[in-house]
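The next block holds one structure in the form of C-alpha cells; read it before the comments.
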Amino acid sequence: MNRKDYGWLAGLLALAVLIWLRDRSWLSAPEETVPLFAALPLFFLLGGGRAILVRTATVPVPTGPMLTGAVLLVAGLALNITILLALAWTVFFRTWLVSRTAPEKLVPLRRLLVLALLAFPWLSEDLPQLGWWFRLSAAWTAGHLFQLAGFGVTREGTDLVVQGLPVSVTAACAGLKALQAMLVAGTVLAFAQLGDRRGYWVAVLSLPVVAWSANTLRVIVLSTVALTYGTPAAQGWFHEWGGLFALVAMFALCWGIFAAFRRWLPK
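If you use numbering that gives the first Met the number 0, the sequence shown closes out at 266, no skipped numbers anywhere.
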C-alpha cells in the first residue's frame, strides 16, 4: 500500500463515520446495531485479507464510478436517505478495490460487496414502516396456521385471540432492528456455500424472505408456548432464548438448503 491508498482509506473512514453519526437513533439500542460493524471485517476475512490488495501493475482510478458515487452522495445528503449514502460508500470502496486488486480476485469481492452495503443502518433509518408490515404479516400468518390446526382465532391488526388467549405481536416482535444483522449473517452463509456458484445471487435475494420466515416462526413458537403452558411461560427468559432458537433453526435450515444447492449447481 502507498500514500494514495492511505488517503483512500482515510476518506472512506471519514465518510463511514459521517453516515453513522448523522442519525444517532441507533444509540438507543446499540446491541441491535453493533453487529453491523462486523460486516466489513467479514468482507476482508472472506475475501482473503490483505492479500486481496496486492497488485503488481498500477491501474488508474476510473472516473465513471467516482462520478456515480459523487451523485449518490449528494443525493443522499440532500434527500436525507441513508441507503443512497451507503450505495455511494460502496461505489467508492469498489472503485478503490478495482485499482488495487488483481483481476482474478475481483470476482469473489464483487459478490462480497453486499456486506459493504449492509454495513450501514439504512434499513431501520429509511424503512421504519417495514416493522409494521413484519408484525402484521406475522400475525396474519400465525392466525391462519392456528386456524388450520383447529383453534378458534380472531384477529384485529397485529392482535390475535387464540382460544380466548390474547396474543399481541408488539414492536419488539417486529424483528426490524435485527433484520439487517440477519441479512449480514445470511450473506456470509450464502457466500460460504455458494460463493463460487451462479446461484449465489438467488440465495442473497432470498434472504429477506428467510429473515421474514425466521421472525414469523419466532412469533408462532412463542404463541404456541403461551397456549400450551400459559402466558408467563412465554415471557421472561424464554421470550429471548426461545425467539433466538427460532432464528437459529431457520438459518440452520437455510445452511442445509444452500449446501444441497452447492452439490448440483455449476461453478
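Heads up, the beta-carbon is just placed ideally off N, CA and C, and yes, glycines get one too. Owing to the predicted nature of the structure, the values given are computational and were not obtained by experimental measurement.
If you keep only unbroken beta strand (DSSP E) runs of at least 3 residues inside the region 111-184, you get 152-155, 158-161 and 164-167.
Approximately 12 Å separates the beta-carbon atoms of Val161 and Leu221; this is outside 8 Å, ruling out the contact. Distance from the CA of Leu147 to the CA of Val168, rounded to the nearest whole angstrom, comes to 19 Å.
Judged by DSSP secondary structure, Leu206 falls within the alpha helix (DSSP H) whose first and last residues are Tyr199 to Tyr228. For Arg196, no alpha helix (DSSP H) encloses it, and the DSSP letter there is neither H nor E.
Counting C-beta pairs with one atom in each stretch, the region 56-71 and the region 34-46 have fewer than three that are closer than 8 Å, which means they do not touch. Rounded to the nearest angstrom, the gap between the Cα atoms of Val187 and Asp195 is 13 Å. Distances from the CA of Asp158 to each of Leu78, Ala177 and Leu135 were compared; the closest alpha carbon is that of Leu135.
Below 8 Å, enough C-beta pairs join the region 112-119 and the region 80-91 to call them touching: three or more. In the pairwise beta carbon analysis, the region 3-13 is classified as not touching the region 77-84: fewer than three pairs are separated by under 8 Å. Each of Ala258, Leu178 and Thr230 was checked against the Cα of Gly198, and the nearest Cα belongs to Ala258. Taking a C-beta distance under 8 Å as the contact criterion, Phe119 and Ile256 do not qualify as a contact pair. By a beta-carbon distance limit of 8 Å, Met249 contacts Ser212. Their separation comes to about 6 Å. Around the CB of Glu155, fewer than 16 other CB atoms lie within 10 Å, so the residue is classed as exposed.
According to the DSSP assignment, Leu76 belongs to the alpha helix (DSSP H) that extends over Thr62 to Leu78.
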